[in-house]
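Chemist: Residue numbers (my numbering), protein chains in the order written: chain A, 511 to 811; chain B, 511 to 811. Where a beta carbon is used, it is the ideal one built from N, C-alpha and C, also for glycine. Pasting a structure here, questions to come.
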DNA sequence: GGAGTTCCATAGGCAAATACTATAGTACAT
DNA sequence: ATGTACTATAGTATTTGCCTATGGAACTCC
């Protein structure tokens, strides 16, 4: 079954004549006859009654006609609307994000994104940096959001913002005696029991790095693989921790307090990562801008 | 844009590789490359990013993918379901009927028909016998319901029933003095003012024929082109008339009485008429059976 | 009723399009 | 740096669709 065969079939059905249909299709009559015949052979049923004067649909032809029209219409629609579809960002976009960013940045970003690209379907994958990089290299993802630096030859990144890491402590912690300035220094944590994120997360590694850099040997009592678990331990008074500011923003519990680091505050850099060599995607570009805006808003407040 | 190009495109998008897609499509890799290239040219946009290791969709490719899948699905559905569609009588059937039958027989017949062929679309044309015959000859109609005899070389008919013609008179007419037997003879009409249907209708001609046959010279006061108009004149006492029994059945007015003709009652024969040389249509056959059933029911009551 | 016209099917040739083999070029992996 | 995997290109073979010519059947007109 081929598209031109369907076209010829519909033309013949509408014209009631193979000759006239051939004229309208601007081909010779035998060509149209031949293609109709082929179509009948592939479908296994005669489509027309031939009778000297013109042709008339059989039951099979009557059944095929609306289907053929629909298929041809879909093809025409594709031709007509593909440019618009591209413009409007139709189709599936696969986005990756690391677990310490995804829940805090993606919902807001994708909400704004969807208002701009209502026809867009987004597929989100939440995974560790290294897995996301592999997925990008394998073209399974169109873009990923993660924290730089990243190490991968096939991948290129674009910094879209940064955010401070802050100290989280149980409410009523002796770390913040005065209400005037709730800041701390990292060395204030030396005496504190500490809950920390597993170093499988890049954030866990970054935090370890900051502490080592500043000569802080932490008293780690617990190491978990989810930020949500870290926060729950903190709430229960098991210790303090260091978490990204976006996690602090999202926290509504009265049982935890967040303290900024006064001197040399640690930060992490957030980047949009793409497979090198791929054409720019309007939607990916725009998603990066949206996330940059959100991070900038965070920084201002 | 061709179906095999869409197939190759979808295969390449799903495989993420032109080589693997070619394997799955059981063609050589350069052939698939070439067809993708042609598709890109006709659409005016690159569909893939090529990068040594596999291919990845561009914005245009992402937009095309769902449309291509839909088209291919429609084609597959057509292959898979055409036989079922034929069986179930899908598609448009064009039916003709003369005006003195259509309103009395078609609604009931098509109601039953639709319960048997719910996917069927029916197009009804109401016209005079000669026009219907032309339409049949031109294959504009699949079948027509009319009163035999019909004169046309290209057409064949099948009698599906017959019905008596009855006398209609204003309520309180002196024609039926006794309640015991409401029948009349045609010669009873001799003294009556008469309303009659125009002879453009075959029924009008048939009635004239009957009267002439029986030596009845009518006193025609009015000649109209619609049975409904005839009946209205009768209601107002302008005269009596002769109408088909199916019109009597449909009449609920208390202002008219219907009287059967006792001796040599006139009847008309009702037939299913088709273009000669066309393959039998299950739906047309069944429609004829349904109408025959209805006419038989009429006769019994 | 017969000649002419119209229409569809078949046959054979031609051109275009598609598929194949071979190979070059590029990116990635070891 | 070499080898492997993948895509693109070139050239050839084959298929396929379209064309012209023609035959046969049906309808029309005289």
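Who are the Cβ neighbours of residue 678 (chain B) in its own chain at under 6 angstroms, not counting the five residues just before and after it?
Modeler: Answer for residue 678 (chain B): 744, 751, 753, 766, 768, listed in chain order.
Chemist: If you draw a straight line from the C-alpha of residue 792 (chain A) to the C-alpha of residue 784 (chain A), how long is it?
Modeler: Computed Cα separation, rounded: 13 angstroms.
Chemist: Would you tell me roughly how many angstroms separate the C-alpha atoms of residue 781 (chain B) and residue 590 (chain A), rounded to the nearest one?
Modeler: Roughly 49 angstroms between the two C-alpha positions.
Chemist: By Cβ distance, which residues of its chain are closer than 8 angstroms to residue 580 (chain A), with the 5 residues on each side in sequence left out?
Modeler: Nothing meets the Cβ criterion.
Chemist: Express the C-alpha separation of residue 565 (chain A) and residue 527 (chain A) in angstroms, rounding to a whole number.
Modeler: The straight-line gap from Cα to Cα measures roughly 5 angstroms.
Chemist: When you check each C-beta in the segment 569-584 of chain A against every C-beta of chain B, which residues fall closer than 7 angstroms?
Modeler: Answer set for the segment 569-584 of chain A: 569, 570, 572, 573, 574, 575, 576, 577, 580, 581, 584.
Chemist: Less than 8 angstroms between C-beta atoms, sequence neighbours within five positions excluded: which residues of the same chain meet that for residue 794 (chain B)?
Modeler: Cβ neighbours of residue 794 (chain B) beyond the five flanking positions: 603, 652, 653, 782, 784.
Chemist: Just to confirm, are residue 705 (chain A) and residue 748 (chain A) a CB contact at a threshold of 9 angstroms?
Modeler: Going by C-beta atoms, residue 705 (chain A) is nearer than 9 angstroms to residue 748 (chain A).
Chemist: As an exercise, report each continuous alpha helix (DSSP H) stretch of at least 4 residues that is fully enclosed by the segment 756-787 of chain A, in chain order.
Modeler: As far as the segment 756-787 of chain A is concerned, it has no whole alpha helix (DSSP H) run of at least 4 residues.
Chemist: Determine the contact status of residue 523 (chain A) and residue 567 (chain A), defining contact as a CB-CB distance below 9 angstroms.
Modeler: Taking 9 angstroms as the Cβ cut-off, residue 523 (chain A) and residue 567 (chain A) qualify as a contacting pair.
Chemist: Can you give me, in chain order, the residues of the segment 635-658 of chain B that have a beta carbon less than 9 angstroms from any beta carbon in chain A?
Modeler: If the cut-off is 9 angstroms between Cβ atoms, the segment 635-658 of chain B has 647, 648, 649, 650, 652 near chain A.
Chemist: Output the distance between the C-alpha atoms of residue 592 (chain B) and residue 518 (chain A), rounded to the nearest integer angstrom.
Modeler: Cα-Cα distance, rounded: 18 angstroms.
Chemist: Who pairs with residue 671 (chain A) in a beta bridge, going by DSSP?
Modeler: Note: residue 671 (chain A) sits in a beta bridge opposite A:780.
Chemist: Smallest Cα separation from residue 576 (chain A): which of B:629, B:729, B:557, B:619?
Modeler: Here the closest residue by C-alpha is B:629.
Chemist: If we require 4 or more residues per run, which alpha helix (DSSP H) segments fall completely within the segment 563-628 of chain A?
Modeler: For the segment 563-628 of chain A, whole alpha helix (DSSP H) runs of length 4 or above, ordered along the chain, are 569-598, 612-626.
Chemist: Cβ closer than 7 angstroms: which chain A residues qualify as neighbours of residue 602 (chain B)?
Modeler: Residues of chain A passing the Cβ test: 572.
Chemist: Taking Cβ to Cβ, would you say residue 694 (chain B) is nearer than 9 angstroms to residue 771 (chain B)?
Modeler: In this structure, residue 771 (chain B) lies closer than 9 angstroms to residue 694 (chain B) by Cβ.
Chemist: Quick one: Cα of residue 515 (chain B) to Cα of residue 547 (chain A), how far?
Modeler: Computed Cα separation, rounded: 23 angstroms.
Chemist: Going along chain B in order, which residues have a C-beta closer than 9 angstroms to the C-beta of residue 493 (chain A)?
Modeler: Beyond the ends of chain A as shown, which are 511 and 811, falls residue 493 (chain A); an answer cannot be given.
Chemist: Straight-line CA distance for residue 799 (chain B) to residue 600 (chain A)?
Modeler: Rounded to whole angstroms, residue 799 (chain B) to residue 600 (chain A) spans 52 angstroms at the Cα level.
Chemist: Is any beta-carbon of chain A found at less than 9 angstroms from that of residue 628 (chain B)?
Modeler: For residue 628 (chain B), the answer is no, since every Cβ of chain A falls outside 9 angstroms of its Cβ.
Chemist: Looking only at its own chain, which residues have a Cβ that is under 8 angstroms from the Cβ of residue 660 (chain B), when we skip the five neighbours before and after it?
Modeler: Excluding positions up to five away in sequence, the list reads 639, 643, 667, 781, 783.
Chemist: Specify the secondary structure class of residue 681 (chain B) as computed by DSSP and reduced to three states.
Modeler: DSSP places residue 681 (chain B) in coil when its eight states are reduced to three.
Chemist: For residue 559 (chain B), return the contacting residues in chain A, with the cut-off set at a CB-CB distance below 9 angstroms.
Modeler: Going along chain A in sequence order, the residues near residue 559 (chain B) (Cβ under 9 angstroms) are 649, 785, 787, 788, 789.
Chemist: Determine, using beta carbons only, whether residue 522 (chain B) comes closer than 9 angstroms to chain A.
Modeler: So no, residue 522 (chain B) is outside the interface.
Chemist: So residue 639 (chain B) is in the alpha helix (DSSP H); what residue range does that whole segment cover?
Modeler: 639-647 is the extent of the alpha helix (DSSP H) around residue 639 (chain B).
Chemist: Am I right that residue 713 (chain A) and residue 610 (chain A) are in contact with their C-beta atoms under 8 angstroms? What's the rounded C-beta distance?
Modeler: Indeed, because the Cβ distance is near 4 angstroms, the residues count as touching under 8 angstroms.
Chemist: By DSSP's criteria, residue 558 (chain B) is part of a beta bridge. Which residues make up the other side?
Modeler: B:567, per the DSSP bridge assignment.
Chemist: Can you find a C-beta in chain B that's less than 9 angstroms from the C-beta of residue 799 (chain A)?
Modeler: No, residue 799 (chain A) does not count as interfacial toward chain B.
Chemist: By DSSP, does residue 739 (chain A) sit in helix, in strand, or in coil?
Modeler: It is helical.
Chemist: Between the alpha carbons of residue 779 (chain A) and residue 554 (chain B), how many angstroms are there, rounded?
Modeler: Taking the straight line from one Cα to the other gives about 39 angstroms.
Chemist: Between the alpha carbons of residue 616 (chain B) and residue 556 (chain B), how many angstroms are there, rounded?
Modeler: Using only the alpha carbons, I get a separation of about 56 angstroms.
Chemist: Are the C-beta of residue 510 (chain A) and some C-beta of chain B separated by less than 9 angstroms?
Modeler: Not covered by the structure: residue 510 (chain A). The range shown for chain A is 511 to 811.
Chemist: Using alpha carbons as the reference points, say which of B:623, B:681, B:721, B:511 lies closest to residue 587 (chain A).
Modeler: Checking every option, the nearest Cα to that of residue 587 (chain A) belongs to B:511.
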